[in-house]
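Student: First the structure, which I've put down as structure tokens, then a few questions once you've had a look.
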Amino acid sequence: MAALELINERYQLGRATLAVGGMGEIWKARDLTLRRTVIIKLIRFPNDEPDADLVHRFKREARHTARLDHPGVPAIYDVGVHKGRPYIVMQYIDGINVDDLITQGSPLPIGWVAAIGAQVSGVLIAAHHLGLIHRDLKPDNLILDREGAVKVLDFGLAAAFSGSDTSRLTLTGQVLGTACYMAPEQINSAECTPATDIYGLGCTIYDLLTGQPPFNDANSKVVLDHHLTRQPTRPNTLRGAIPVELEELVLAMLEKCPEDRPSDAVTVYNRLAPFADDLPELAGLPAPETEAVRAYTAIASRTPSGRRTPLRPVLAMPAVSRAELDKVRRHAQALIHGSEPASAARLLSVIIEPAIRAFGDIDSDVLEVRAVHAKALFGAGEYREAARQFRLLIDDMAALNGLDSEEVLDCRLHVARAHAMVGEPLRALQQLKEVLDDRLRIHGAGDPSLAELRQEIEGLKQL
Numbered sequence: 001m002a003a004l005e006l007i008n009e010r011y012q013l014g015r016a017t018l019a020v021g022g023m024g025e026i027w028k029a030r031d032l033t034l035r036r037t038v039i040i041k042l043i044r045f046p047n048d049e050p051d052a053d054l055v056h057r058f059k060r061e062a063r064h065t066a067r068l069d070h071p072g073v074p075a076i077y078d079v080g081v082h083k084g085r086p087y088i089v090m091q092y093i094d095g096i097n098v099d100d101l102i103t104q105g106s107p108l109p110i111g112w113v114a115a116i117g118a119q120v121s122g123v124l125i126a127a128h129h130l131g132l133i134h135r136d137l138k139p140d141n142l143i144l145d146r147e148g149a150v151k152v153l154d155f156g157l158a159a160a161f162s163g164s165d166t167s168r169l170t171l172t173g174q175v176l177g178t179a180c181y182m183a184p185e186q187i188n189s190a191e192c193t194p195a196t197d198i199y200g201l202g203c204t205i206y207d208l209l210t211g212q213p214p215f216n217d218a219n220s221k222v223v224l225d226h227h228l229t230r231q232p233t234r235p236n237t238l239r240g241a242i243p244v245e246l247e248e249l250v251l252a253m254l255e256k257c258p259e260d261r262p263s264d265a266v267t268v269y270n271r272l273a274p275f276a277d278d279l280p281e282l283a284g285l286p287a288p289e290t291e292a293v294r295a296y297t298a299i300a301s302r303t304p305s306g307r308r309t310p311l312r313p314v315l316a317m318p319a320v321s322r323a324e325l326d327k328v329r330r331h332a333q334a335l336i337h338g339s340e341p342a343s344a345a346r347l348l349s350v351i352i353e354p355a356i357r358a359f360g361d362i363d364s365d366v367l368e369v370r371a372v373h374a375k376a377l378f379g380a381g382e383y384r385e386a387a388r389q390f391r392l393l394i395d396d397m398a399a400l401n402g403l404d405s406e407e408v409l410d411c412r413l414h415v416a417r418a419h420a421m422v423g424e425p426l427r428a429l430q431q432l433k434e435v436l437d438d439r440l441r442i443h444g445a446g447d448p449s450l451a452e453l454r455q456e457i458e459g460l461k462q463l
């Protein structure tokens, strides 16, 4: 699909994709009829060849998501076909990806970890009640909206564990799921049950607590083997000050045998809810027989949005001219070249917000300053914050220059390198491979940067 393309004379795509995966591509779009922002997910055929199995999975995702009438799942608005490609129109969620929360650096407060986990448990209560299992729970499939409520995304791998719509776990010989968050029974292509989601949620909570999944390696085969054969490191070894009861719950969720895990999502919810205690308090806890929606909203209402405090006056920030912006940028670049990236980052952090207010966040001069700021953070060793800034830049630079632009590719490369620097080789390796594939597609085999990329990839494989 092309930027700004009109789908079925109603939905106008944005300037660039938000994400591209093996099954589809995600676009932010405008519903011209109802005048609202939506998300459109279009099927993506490998090699542009129609794939009946992929179409089946895509349609199944729409059916499963539509059945889950739950505030923790984005609503399905419409489905259709455009130029031979099925699409789903979904609710747009204004918030932050939970995976981005993890990469920001400081461990999440225990209360927030429990609140996020409990809300996901609420969604699982609803899904499992309908006979559905998600099969791909991970931080990247969770969004925390502005009200502090969690939305669970991507039911593309969801399967029915009862009824006629049963799905096998493999497709064209490949295991479906994400290596760092896969249950042993998934890896063994055995039957998936609600306990499979309990394991995936356990991996996710472990990641939220410690900043890394329970098993992490540049080689996905090693990760899968560790899920089968190794016990995870106790979270308190990596972070400390985690309540013993919470640590024991997470380790129980990560038991190899499904029967040894907590019996259901209600149990997980009830054990997580009491730990959401550094959020604004809610009088009383939900009753044991709490329904799915109440389980979800009980935690969501403890978030800061549950207590409406008076708005504070916003101090006006001084205006900035383009000449001043250019002067600060050049000074910051000189500091970076003079081995003072931390000073450059501090200098730029003061001017970025007024520059955005003056010229907009996708202004070319503003984007250049933001890129220098992100590189200064990287040079200063602030890798997680640098990764976050580069992630934000990717969308804005894609809107201005296109998804295949050098600026976007450079940001993606820095995100991958930041993950490598903070000890997340598997994420880094996957992202480097994606950059390599895209450079090869865009520039061909003669691209001089391919050799260096391949060398980086091989180096990560040796870790």
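Quick note, the sequence shown lines up with residues 1 to 463 if you use full-length UniProt numbering.
Ideal Cβ positions, reconstructed from N, Cα and C, are used throughout, including at glycine.
Keep in mind it's a predicted model, so treat the numbers as computed, not measured.
Check residue 145 in the structure and name its three-state DSSP category.
Tutor: Walking along the sequence shown from the start, residue 145 turns up at place 145. Correct three-state label for residue 145: strand.
Student: Alpha carbon to alpha carbon, how far is residue 132 from residue 373? Give it in angstroms, no decimals.
Tutor: By one-based count along the sequence shown, residue 373 stands at place 373. By one-based count along the sequence shown, residue 132 stands at place 132. If you take the alpha carbons of residue 373 and residue 132, they lie about 45 Å apart.
Student: Helix, strand or coil, according to DSSP, for residue 17 in the structure here?
Tutor: Taking the first residue of the sequence shown as position 1, residue 17 is located at position 17. In this structure, residue 17 counts as strand in the three-state DSSP scheme.
Student: From this set, 187, 237, 152, 251, which residue's C-alpha is nearest residue 224's C-alpha?
Tutor: The residue you call residue 224 lines up with position 224 of the sequence shown. Closest by alpha carbon: 187.
Student: Spell out the partners DSSP gives residue 41 in its beta bridges.
Tutor: The residue you call residue 41 lines up with position 41 of the sequence shown. According to DSSP, which records beta bridges pairwise, residue 41 is partnered with 26, 88.
Student: Determine the closest residue to residue 236 out of 398, 206, 365, 446, with distance taken between C-alpha atoms.
Tutor: Mapped onto the sequence shown, residue 236 falls at position 236. Checking every option, the nearest Cα to that of residue 236 belongs to 206.
Student: My assumption, with CB atoms under 8 Å, is that residue 202 sits in contact with residue 250. Please give the rounded CB distance.
Tutor: Here residue 202 corresponds to residue number 202 of the sequence shown, with the count starting at 1. Here residue 250 corresponds to residue number 250 of the sequence shown, with the count starting at 1. At roughly 6 Å, the Cβ-Cβ gap stays under 8 Å, so residue 202 and residue 250 are in contact.
Student: Taking the alpha-carbon positions, what's the residue 110 to residue 387 distance?
Tutor: The sequence position of residue 110 within the sequence shown is 110, counting from 1. The sequence position of residue 387 within the sequence shown is 387, counting from 1. Between residue 110 and residue 387, the C-alpha separation is close to 23 Å.
Student: Would you call residue 418 buried or exposed, if buried means 16 or more other Cβ atoms sit within 10 Å of its Cβ?
Tutor: Within the sequence shown, residue 418 is the residue found at index 418, counting from 1. So residue 418 counts as buried.
Student: Can you find the residues in the same chain that come closer than 7 Å, C-beta to C-beta, to residue 378, ignoring five residues on each side of it along the sequence?
Tutor: To locate residue 378, count along the sequence shown from 1; it is residue 378. 386, 414, 418.
Student: Does DSSP put residue 56 in a helix, a strand or coil?
Tutor: For the purposes of this step, residue 56 is identified with residue 56 of the sequence shown, where counting begins at 1. In the structure shown, residue 56 sits in a helix (DSSP, three-state: H, G or I).
Student: Taking DSSP as the reference, what is the three-state secondary structure of residue 362?
Tutor: Your numbering for residue 362 matches position 362 in the sequence shown. If DSSP states are grouped into helix, strand and coil, residue 362 belongs with coil.
Student: Tell me which same chain residues have a C-beta within less than 6 Å of the C-beta of residue 442, skipping the five on either side of it?
Tutor: The residue you call residue 442 lines up with position 442 of the sequence shown. 404, listed in sequence order.
Student: DSSP three-state call for residue 97: helix, strand or coil?
Tutor: For the purposes of this step, residue 97 is taken as residue 97 along the sequence shown, with counting starting at 1. The answer is strand: DSSP assigns residue 97 an E or B state.
Student: Quick one: what does DSSP say residue 36 is sitting in, helix, strand or coil?
Tutor: For the purposes of this step, residue 36 is taken as the residue at position 36 of the sequence shown. DSSP places residue 36 in strand when its eight states are reduced to three.
Student: Excluding sequence positions up to five away, which residues of its chain have a Cβ less than 8 Å from the Cβ of residue 117?
Tutor: Indexing the sequence shown from 1 puts residue 117 at position 117. The residues are 201, 204, 205, 208, 268, 272.
Student: Just how far apart, CA to CA, sit residue 406 and residue 252?
Tutor: Taking the first residue of the sequence shown as 1, we reach residue 406 at position 406. Taking the first residue of the sequence shown as 1, we reach residue 252 at position 252. The straight-line gap from Cα to Cα measures roughly 46 Å.
Student: Which residue or residues does DSSP assign as beta-bridge partners of residue 76?
Tutor: Against the sequence shown, residue 76 aligns to sequence position 76. 90, per the DSSP bridge assignment.
Student: For residue 231, name the three-state secondary structure that DSSP assigns.
Tutor: For the purposes of this step, residue 231 is identified with residue 231 of the sequence shown, where counting begins at 1. Coil at residue 231, not helix or strand.
Student: Give me, in chain order, the residues of the same chain whose beta-carbon lies closer than 7 Å to that of residue 261; leave out the 5 immediate sequence neighbours on both sides.
Tutor: Translated into positions along the sequence shown, residue 261 becomes position 261. Cβ within range, chain order: 195, 198, 199, 252, 253, 255.
Student: If you run the structure through DSSP and keep just helix, strand and coil, what is residue 404?
Tutor: As a working mapping, residue 404 is identified with position 404 in the sequence shown. Correct three-state label for residue 404: coil.
Student: Within its chain, find whatever has a CB closer than 8 Å to the CB of residue 310; leave out the 5 residues flanking it on each side and keep chain order.
Tutor: Residue numbering aside, residue 310 sits at position 310 when the sequence shown is read from its first letter. In this predicted model, residue 310 has a pLDDT of only 39, less than 50, meaning its place in the structure is not dependable enough to derive any value.
Student: Considering just the uninterrupted stretch of the alpha helix (DSSP H) at residue 433, what are its terminal residues?
Tutor: Against the sequence shown, residue 433 aligns to sequence position 433. Counting along the chain, the alpha helix (DSSP H) containing residue 433 begins and ends at 425-443.
Student: Let me check understanding here. Comparing Cα to Cα, which of 275, 81, 37 lies closest to residue 244?
Tutor: For the purposes of this step, residue 244 is identified with residue 244 of the sequence shown, where counting begins at 1. Out of 275, 81, 37, 275 has the C-alpha closest to the C-alpha of residue 244.
Student: Does the distance from the C-beta atom of residue 219 to that of residue 461 stay below 8 Å?
Tutor: Position 219 of the sequence shown, counted from the start, is the residue given in the question as residue 219. Position 461 of the sequence shown, counted from the start, is the residue given in the question as residue 461. The answer is yes: Cβ separation under 8 Å.
Student: Could you tell me whether the Cβ atoms of residue 98 and residue 144 are closer together than 8 Å?
Tutor: Taking the first residue of the sequence shown as 1, we reach residue 98 at position 98. Taking the first residue of the sequence shown as 1, we reach residue 144 at position 144. Contact flag set, yes.
Student: Is the beta carbon of residue 323 less than 8 Å from the beta carbon of residue 348?
Tutor: The sequence position of residue 323 within the sequence shown is 323, counting from 1. The sequence position of residue 348 within the sequence shown is 348, counting from 1. It is not a contact, given that the beta carbons lie outside the stated cut-off.
Student: Using the Cα positions of residue 74 and residue 89, report the straight-line distance between them to the nearest angstrom.
Tutor: Translated into the one-based positions of the sequence shown, residue 74 becomes position 74. Translated into the one-based positions of the sequence shown, residue 89 becomes position 89. Taking the straight line joining both Cα atoms gives about 10 Å.
Student: Report the residue from 85, 37, 59 whose alpha carbon sits nearest the alpha carbon of residue 48.
Tutor: Translated into the one-based positions of the sequence shown, residue 48 becomes position 48. If we check each option's Cα against that of residue 48, 85 comes out closest.
Student: Closest to residue 412 by C-alpha separation, out of 365, 125, 439, would be which residue?
Tutor: Mapped onto the sequence shown, residue 412 falls at position 412. Per the Cα distances, 439.
Student: May I ask you to report which of helix, strand or coil DSSP gives residue 81?
Tutor: By one-based count along the sequence shown, residue 81 stands at place 81. Three-state result, residue 81: strand.
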